[in-house]
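Numbering (my numbering), first residue to last: 3 to 272.
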Amino acid sequence: MSKLLVKADKGHGRVAHVTPQSAGWTYVGFDLHRLRPGETASGKTGDREVCLVFVTGKGNASAADKDLGLLGERMSPFEGKPWSVYVPQDSDWSVTADTDLELAVCSAPGLGGGLPARVIAPDDLGQEVRGKGTNTRYVTNILPEGKPADSLLVVEVITPGGHTSSYPPHKHDQDNLPVESYLEETYYHRLNPPQGFAFQRVYTDADKNGDRDLDEAMAIEDGDVVLVPKGYHPCAACHGYDLYYLNVMAGPKRTWKFHNAAEHEWLMKA
C-alpha cells in the first residue's frame, strides 16, 4: 500500500490520525472522529490552531471556554454545507455527539494571531463551480485565505461520477511567491454510494531521464485519507459514484498559489 494512503479504522472513536511527525512534514495535521450519540471528542490546541468540520451529524460544541451550542445540520457530506468551528492556539475544545457524528479536526501551527474562537455557519460559506464538461466540480470554501486564521486553509469539493478534479494537474510545493506557494495537503475522501472507489495520483515532474522523484497512483475508497507532501495530485471519480473530499492545506505563508503541469496547460484553454 502506498505510504501516502491512510486507511481510516472501522468503528467509532478517532479513526484517522495524521500528524506532521507521522506524515514526515511540518505543518498539516488531520484527525477524524466517528461518534455515536452521547460520545465526546475533545482536545487542546497547544501551539496549533484547529478547524473542526462537522462532516455529517450534529453535536454540542465548546471552544476556548465558550459554549457554542448545538451545531451541525446535514447527515450526508453530499448535501448542503457544513458547520465548522475555528479554535485558536492555547485553547480547549469539545464536541459531544447528538446524532451519529463525523467530525474532522484540521490543524496547523498557530502564529500568535490572538484570534477568537468562532462558529463558521453554512450561510457564511462561499460556493463556486470550477471546470467545464467532465472536469466540473463543486467547491465550498470553509476557511479560505480571505477569512481570519494563522495558517489553515480548508475547503471541501464534490466531484460527480465520471468527472476529474484537482485537474488539470497542479502543484504547490515551492516557496516561490508570487508564482507558487508551498502548501502541504491532506484529502479526506468519501464516496456516494459508499461501496465505490475513485483514483488519485500524486507525482512530481520527470527529470531529463524520465524519472520522477514521487509517483504514486492510488485506488481511493470511502473514508481514505491521502497525503500530498509535494507534486501534482489529480483525482478521478468513477462512473456512478460521486466523490467528496475535504482538503486541509498549510505552509509557511497562508496563500494558495499553484502551478499547472506544463504538458496539460492546454486544457485550461480548451
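Glycine residues also receive a C-beta, built at the ideal position from the N, C-alpha and C atoms.
message: Going by DSSP, what residue range makes up the alpha helix (DSSP H) through Q129?
response: Unbroken run through Q129 is the beta strand (DSSP E), G128 to R132; no alpha helix (DSSP H).
query: Nearest to S167 by alpha carbon, out of L113, G31, G148 and H191?
result: Of the candidates L113, G31, G148 and H191, the one whose C-alpha sits nearest the C-alpha of S167 is H191.
- request: May I ask you to report which of helix, strand or coil DSSP gives E81?
  value: If DSSP states are grouped into helix, strand and coil, E81 belongs with coil.
message: Suppose you measure from the CA of A18 to the CA of H266; what does that come to, to the nearest Å?
response: Each residue's alpha carbon lies about 34 angstroms from the other.
- request: Would you mind stating whether A123 and W95 have Cβ atoms separated by less than 8 angstroms?
  value: Inclusion of A123 and W95 in the CB contact set at 8 angstroms is not warranted, their separation being larger than that value.
- prompt: Are the stretch 5-18 and the stretch 64-76 touching by the rule of at least three beta carbon pairs closer than 8 angstroms?
  reply: The answer is no - the stretch 64-76 does not touch the stretch 5-18, with fewer than three Cβ pairs under 8 angstroms.
- prompt: Among T142, R38 and T161, which one has its Cα closest to the Cα of T101?
  reply: Comparing Cα-Cα distances from T101 to each of T142, R38 and T161, the minimum goes to R38.
field: Sequence-distant residues of its chain with Cβ nearer than 6 angstroms to P150 (five each side left out)
entry: Correct list, in chain order: L117.
query: How far does the beta strand (DSSP E) with P170 in it reach, from first residue to last?
result: For P170, no beta strand (DSSP E) segment is defined, and its DSSP state is neither H nor E.
query: Anyone know if the C-beta pair for L248 and G233 falls short of 8 angstroms?
result: Not closer than 8 angstroms, so no.
For S4, the nearest candidate out of N143, G74 and A25 (CA to CA): Of the listed residues, the one whose Cα sits closest to S4 is A25.
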